[in-house]
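Asker: Sharing a structure here in structure tokens format.
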Amino acid sequence: MSTVFYAVLLQCLIAGLAHCLVLHECTVERKIRPYHHDIRIYDSMVYHPEFERAGKEPGLQVWRIEKFDLVAVPENLYGGFYTGDAYVVLNTIKQRSGNLQYDLHFWLGDYCTQDESGAAAIFTVQMDDYLGGKPIQYREVQGHESKAFLGYFKKGLQYMKGGVASGFKHVVTNEVIVQRVLQVKGRRVVRATEVPVSWESFNQGDCFILDVGNEIYQWCGSKSNRFEKLKATQFAKGIRDNERSGRARVYVCDEGVEREKMLEVLGEKTDLPEGASDDIKADASNRKLAKLYKVSDASGDMTIALVAAENPFSQSALESSDCFILDHGSDGKIFVWKGKDANVEERKAAMKAADEFIKKMGYPKHTQVQILPEMGETPLFKQFFKNWRDVDQTEGLGVAYVSNSIAKIEKVPFDASTLHDSPAMAAQHGMIDDGNGGKQIWRIEGSDKVPVDPSTYGQFYGGDSYIILYNYRHGGRQGHIIYIWQGKDSSQDEIGASAILAAQLDDELGGGPVQVRVVQGKEPAHLMGLFGGKPMVVHQGGTSREGGQTAPAETQLFQVRSNSTGCTRAVEVDAVSSNLNSNDAFVLVTPAASFIWVGRGACDTEKRGAQQLCDILGVSSSELGSFWDTLGGKADYRTSARLKDKMNAHPPQLFACSNKTGRFIIEEVPGEMTQEDLATDDVMILDTWDQVFVWIGNEAHDDEKTEAMTSAARYIETDPANRDPRTPIVKIKQGFEPPTFTGWFLGWDHDYWSTDPLERAMAELEI
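If you want my numbering, it's the position in the sequence shown, counting the first as 1, plus 41.
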């Protein structure tokens with residue numbers, strides 16, 4: 042760190058200047074002697090007066106470093122950053138418990154000085170200390186910001202030339218004398234960067250904004266697409282409304298029809314290059330790879346030792362008495378975990394340790410750094426560990442609620458009577474409706490589909506594949522879902538035929554149905570709820586093998602388990618006692634008698650489902666009697682407690698994925714998910730953990746549509762959390778979205794695409 046910075050800091054403390062740092066004691070305040078009117082000195086710790094406003098209420102706060110001072114940025118100018126400056130950004134979230142959660146960032150412009158970056162780092166460490174060590178800390182570098190940071194500024198980031206040293210301030214005035222050009226790039230993340238005022242800055246592939254104060258000109262290159270034009274229009278509107286208080290006029294023009302004022306400012310137009318790709322995208326094929334290191338200064342010198350070379354890691358490897366580095370440099374990220382009992386110097390030096398580690402590993406300087414306190418881990422961090430358990434995680438059927446910074450989704454309990462009125466409930470529980478719509482079921486035999494007897498609807502065989510067509514109405518709309526159910530012992534020929542026949546059925550219904558590929562054991566809640574409140578039954582064997590129906594075994598054991606909506610599934614397992622599970626109910630069927638075995642953790646729904654299964658199978662339950670003898674004797678069986686609600690541990694995320702170049706590219710959409718994020722010329726992936734939705738825009742290229750399902754499977758395969766490859770993949774076309782999809786987006790509008798979003802945005806410029 043520069044000696045100049047420390048010298049100035051010392052001078053401030055000696056002189057007691059109005060804008061120097063303020064001293065506070067963490068617990069007891071004791072005034073020592075009077076200073077300037079806004080200076081108070083307390084024992085122990087050095088704090089800035091702005092800290093008293095920090096994190097008091099939920100929301101975003103931004104400060105700029107100005108001559109070693111912390112100066113608040115006006116809220117209406119959030120998202121604008123001078124490239125010659127450093128900033129501190131605090132996001133405060135109120136958890137369900139009422140406690141406040143903090144994400145604390147310091148942002149460094151490309152041209153900020155070492156002293157300014159040092160001051161930002163020091164203020165960040167001090168603010169972390171002032172807030173009790175609770176914040177998750179991030180270092181942000183211009184152009185390489187974290188998804189959490191980008192999510193605060195959904196309308197985009199604006200990089201402005203200059204900074205404090207140049208006399209530029211974050212102010213709004215009525216009279217603006219300005220002449221600048223902003224290059225607007227990006228689809229998921231929009232960045233507007235100030236470039237020289239010259240045609241040499243322009244290209245055909247991007248959109249540009251010429252800002253001359255009272256007039257703002259949006260210029261769209263001939264090779265820019267509609268989604269990029271929409272983002273540029275929204276950005277131009279933001280400059281007008283936030284920086285000019287609505288007093289400027291916005292003009293939109295396309296390449297080749299430039300307005301006279303543009304030619305007056307920029308001069309005669311020259312031939313323009315096509316332009317580079319919107320974003321530099323990283324190959325996501327190795328995004329699973331991570332390593333874990335231990336950081337210690339027990340010897341007086343900081344040392345870093347490898348703990349585990351491959352993930353998933355064991356949570357027990359994290360010791361409260363030390364700090365650890367989780368190296369995800371292959372994806373441009375470094376995590377520093379601070380144990381609650383680590384010594385103070387180790388915790389305060391966390392960012393320094395990360396910097397040294399980045400240098401040692403030869404990673405780029407812009408590698409993202411996230412510092413997490415013990416018990417404040419993010420889902421992004423926890424995904425690298427096997428079976429992560431939080432301190433507040435409940436046992437049994439309870440739910441521990443954990444806030445997170447990826448998506449704030451309020452948990453909604455299930456109530457079938459209100460499904461039609463609650464898309465959020467439909468989404469979280471995977472229930473489109475109550476399952477009483479029309480349905481047809483076919484079994485795959487050879488290359489054909491054969492109708493199943495309606496009296497046996499709800500009974501499946503693990504050696505077969507099936508197609509289930511479900512018809513429903515939602516919001517006055519007729520909808521169709523095609524479930525492709527593939528038994529775990531189904532042949533590859535049957536699995537392939539089921540996909541082909543489902544596509545043919547989709548075409549017969551006009552291309553509108555939602556297609557859901559379901560692998561046995563991963564049935565969505567709605568599929569399980571289609572059978573009149575009775576369990577969905579899966580028998581061993583198959584019906585389409587040579588010789589006809591597989592004969593049932595003399596002794597059969599069925600495991601009965603329910604989900605959050607009360608739907609149950611009964612699956613035949615091998616009849617041995619080691620297959621029992623204390624969380625579930627079981628039905629044992631023998632030639633002489635039948636038994637219902639209820640595990641200690643089984644709920645009433647599962648008990649009722651077991652009795653219903655007996656009715657379906659035409660058997661009656663008996664006393665315990667020879668139960669254990671029938672299963673070959675009593676043996677150890679599973680007694681583990683159920684995991685807490687998955688939505689808390691795995692919040693929903695939205696991505697754009699591509700595999701068509703031979704490199705697997707994945708790009709996350711930051712911040713709260715909105716319908717506006719769904720680009721009509723793209724294929725998007727919505728990951729809700731229990732299932733993955735593939736959304737296909739109407740204007741997506743044919744090759745993107747063809748690769749959509751492959752990209753979704755590749756996404757699951759490369760997830761660092763070691764996802765189950767059988768996770769259901771749901772294929773959806775634009776305009777035919779079911780409530781299980783729309784419910785994840787706040788305020789979904791079914792008529793959103795009935796008019797062109799770009800035309801709507803341009804119309805707003807006339808207001």
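We put the CB at the ideal spot given by N, CA and C, even for glycine.
To which residues does DSSP link Asp110 through a beta bridge?
Answerer: For the purposes of this step, residue 110 is identified with residue 69 of the sequence shown, where counting begins at 1. Answer is Glu107, bridged to Asp110.
Asker: Sort Asp723, Ala346 and Gly262 by Cα distance to Lys746 and report the nearest one.
Answerer: Taking the first residue of the sequence shown as 1, we reach residue 746 at position 705. The option with the nearest alpha carbon to Lys746 is Asp723.
Asker: Taking only runs of the beta strand (DSSP E) that begin and end inside the region 162-241, which ones reach a length of at least 3 residues, in chain order?
Answerer: With a minimum length of 3 residues, the continuous beta strand (DSSP E) runs that stay inside the region 162-241 are 177-182, 198-201, 221-226 and 232-236.
Asker: To the nearest angstrom, report how far apart Met416 and Ile345 are at their CA atoms.
Answerer: Here residue 416 refers to the residue found at position 375 when the sequence shown is read from its first residue. Here residue 345 refers to the residue found at position 304 when the sequence shown is read from its first residue. Their Cα atoms are separated by approximately 22 Å.
Asker: Taking only the alpha-carbon atoms, compute the straight-line gap between His521 and His89 and give it to the nearest angstrom.
Answerer: Mapped onto the sequence shown, residue 521 falls at position 480. Mapped onto the sequence shown, residue 89 falls at position 48. Whole-angstrom Cα-Cα distance: 60 Å.
Asker: From the DSSP output, read off the bridge partner residues of Cys261.
Answerer: Translated into the one-based positions of the sequence shown, residue 261 becomes position 220. Cys248 and Asp295, per the DSSP bridge assignment.
Asker: Please return the same chain residues whose Cβ sits closer than 8 Å to the Cβ of Asp505, not counting the five positions on each side in sequence.
Answerer: Residue 505 sits at position 464 when you count from the first residue of the sequence shown. Here the set comprises Arg484, Ile485, Gly528, Ser531, Glu535, Gly583, Thr584 and Ser585.
Asker: Using a Cβ-Cβ cut-off of 8 Å (strictly less than) and excluding sequence neighbours within five positions of Leu799, which residues of its own chain qualify?
Answerer: Here the question's residue 799 lines up with position 758 in the sequence shown. So the list reads Arg267, Lys270, Leu271 and Thr274, once near-sequence residues are dropped.
Asker: Would you say Tyr152 and Gly125 are within 8 Å of each other, going by their C-beta atoms?
Answerer: Walking along the sequence shown from the start, residue 152 turns up at place 111. Walking along the sequence shown from the start, residue 125 turns up at place 84. Closer than 8 Å, so yes.
Asker: Can the beta-carbon of Val336 be found closer than 8 Å to that of Leu251?
Answerer: Taking the sequence shown and counting its residues from 1, the one referred to as residue 336 is at position 295. Taking the sequence shown and counting its residues from 1, the one referred to as residue 251 is at position 210. Contact: no.
Asker: According to DSSP, is Glu436 part of a helix, a strand, or is it coil?
Answerer: Counting from one through the sequence shown, the residue named residue 436 turns up at place 395. Since pLDDT at Glu436 reaches only 32, below the 50 mark, its modelled position is unreliable, and no value is offered.
Asker: Confirm, please, whether the CB-CB distance from Phe734 to Val710 is below 8 Å.
Answerer: Translated into the one-based positions of the sequence shown, residue 710 becomes position 669. Translated into the one-based positions of the sequence shown, residue 734 becomes position 693. Result no, Cβ atoms of Val710 and Phe734 do not sit closer than 8 Å.
Asker: Strictly by DSSP, which residues pair up with Leu101?
Answerer: Taking the sequence shown and counting its residues from 1, one reaches residue 101 at position 60. Leu101 is bridged to Asn132.
Asker: Specify, as a first and last residue, the run of the beta strand (DSSP E) that Val578 falls within.
Answerer: As a working note, residue 578 is residue 537 in the sequence shown. Val578 -> beta strand (DSSP E) spans Met577 to His580.
Asker: Using the DSSP secondary-structure output, state which residues sit across from Glu486 in a beta bridge.
Answerer: Your numbering for residue 486 matches position 445 in the sequence shown. Glu486 is bridged to Asp489.
Asker: So, is Ser361 buried or exposed, given that buried needs 16 or more other C-beta atoms within 10 angstroms?
Answerer: Taking the first residue of the sequence shown as position 1, residue 361 is located at position 320. Ser361 comes out exposed.
Asker: At the level of alpha carbons, what is the spacing between Thr721 and Asn739?
Answerer: By one-based count along the sequence shown, residue 721 stands at place 680. By one-based count along the sequence shown, residue 739 stands at place 698. The alpha-carbon atoms of Thr721 and Asn739 are separated by roughly 6 Å.
Asker: Where Glu299 and Trp240 are concerned, what is the direct C-alpha to C-alpha distance, given to the nearest angstrom?
Answerer: As a first step, residue 299 must be located in the sequence shown, where it is residue number 258. As a first step, residue 240 must be located in the sequence shown, where it is residue number 199. The alpha-carbon atoms of Glu299 and Trp240 are separated by roughly 12 Å.
Asker: Could you check what DSSP says for Met416 in three-state terms: helix, strand or coil?
Answerer: Residue mapping note: residue 416 aligns to position 375 of the sequence shown, counting from 1. The answer is coil: DSSP assigns Met416 none of H, G, I, E or B.
Asker: Relative to the C-alpha of Cys261, which residue among Gly279, Glu284, Thr234 and Tyr292 is closest?
Answerer: The sequence position of residue 261 within the sequence shown is 220, counting from 1. The residue with the shortest Cα to Cα distance from Cys261 is Tyr292.
Asker: Figure out for me which residue from Glu186, Phe190, Leu510 and Gly784 has the closest Cα to the Cα of Lys406.
Answerer: Translated into the one-based positions of the sequence shown, residue 406 becomes position 365. Per the Cα distances, Glu186.
Asker: Where do the ends of the alpha helix (DSSP H) carrying Ile757 lie?
Answerer: Working through the sequence shown from its first residue, we reach residue 757 at position 716. Per DSSP, Ile757 belongs to the alpha helix (DSSP H) from Asp743 to Glu758.
Asker: To the nearest whole angstrom, what separates the beta carbons of Ala616 and Ala643, a pair I think is in contact under 8 Å?
Answerer: Against the sequence shown, residue 616 aligns to sequence position 575. Against the sequence shown, residue 643 aligns to sequence position 602. So it is not a contact: roughly 19 Å between Cβ atoms.
Asker: At the level of alpha carbons, what is the spacing between Pro176 and Gln136?
Answerer: In the sequence shown, counting from the first residue as 1, residue 176 sits at position 135. In the sequence shown, counting from the first residue as 1, residue 136 sits at position 95. Approximately 13 Å, taken between the alpha carbons.
Asker: Using only alpha-carbon positions, find the residue among Leu172, Val377 and Asn384 that is nearest to Lys423.
Answerer: By one-based count along the sequence shown, residue 423 stands at place 382. Closest option to Lys423, Cα to Cα, is Val377.
Asker: CA-CA distance, Glu647 and Leu621?
Answerer: Along the sequence shown, one-based indexing puts residue 647 at 606. Along the sequence shown, one-based indexing puts residue 621 at 580. The straight-line gap from Cα to Cα measures roughly 14 Å.
Asker: If Phe786 sits next to Gln716, beta carbons under 8 Å apart, how far is it from one beta carbon to the other, in whole angstroms?
Answerer: To locate residue 786, count along the sequence shown from 1; it is residue 745. To locate residue 716, count along the sequence shown from 1; it is residue 675. Right, the Cβ-Cβ distance comes to about 5 Å (below 8 Å), so this counts as a contact.
Asker: Please report the straight-line C-alpha distance between Ala566 and Gln259, rounded to a whole angstrom.
Answerer: As a first step, residue 566 is located in the sequence shown; it is residue number 525 there, counting from the start. As a first step, residue 259 is located in the sequence shown; it is residue number 218 there, counting from the start. Going from the Cα of Ala566 to the Cα of Gln259 covers about 48 Å.
Asker: Return the bridge partner residues of Lys335 from the DSSP annotation.
Answerer: On the sequence shown, position 294 is the one that residue 335 refers to. In DSSP, Lys335 forms a bridge with Ala346 and Phe365.
Asker: So, under 8 Å CB-CB, Phe109 and Ala160 are touching, yes? Tell me the CB distance rounded to an integer number of Å.
Answerer: Your numbering for residue 109 matches position 68 in the sequence shown. Your numbering for residue 160 matches position 119 in the sequence shown. Contact flag correct, Cβ pair sits at about 5 Å.
Asker: Tell me which residues share the same chain as Phe599 and place their Cβ nearer than 7 Å to its Cβ, disregarding the 5 neighbours each side in the sequence.
Answerer: One-based indexing of the sequence shown puts residue 599 at position 558. Excluding positions up to five away in sequence, the list reads Ala611, Val612, Glu613, Phe627, Val628 and Leu654.
Asker: Where DSSP assigns a beta bridge to Leu598, which residues make up the other side?
Answerer: Here residue 598 corresponds to residue number 557 of the sequence shown, with the count starting at 1. Partner(s): Val614 and Leu629.
Asker: Please classify His146 as buried or exposed, where buried requires at least 16 other C-beta atoms within 10 Å of its C-beta.
Answerer: One-based indexing of the sequence shown puts residue 146 at position 105. Buried.
Asker: When DSSP labels each residue in this structure, what does Ala127 get in the three-state scheme?
Answerer: Along the sequence shown, read from residue 1 onward, the residue named residue 127 stands at position 86. Here Ala127 sits in strand by DSSP.
Asker: Pop quiz: Gly499 and Lys575 are said to be a contact at Cβ under 8 Å. What is the actual Cβ separation, rounded to whole angstroms?
Answerer: Position 458 of the sequence shown, counted from the start, is the residue given in the question as residue 499. Position 534 of the sequence shown, counted from the start, is the residue given in the question as residue 575. Their Cβ separation, rounded to whole angstroms, is 6 Å, which keeps Gly499 and Lys575 in contact under 8 Å.
Asker: As a quick exercise: from Gln102, Ile726 and Ala189, pick the residue whose alpha carbon is nearest that of Ile773.
Answerer: Here residue 773 corresponds to residue number 732 of the sequence shown, with the count starting at 1. Of the candidates Gln102, Ile726 and Ala189, the one whose C-alpha sits nearest the C-alpha of Ile773 is Ile726.
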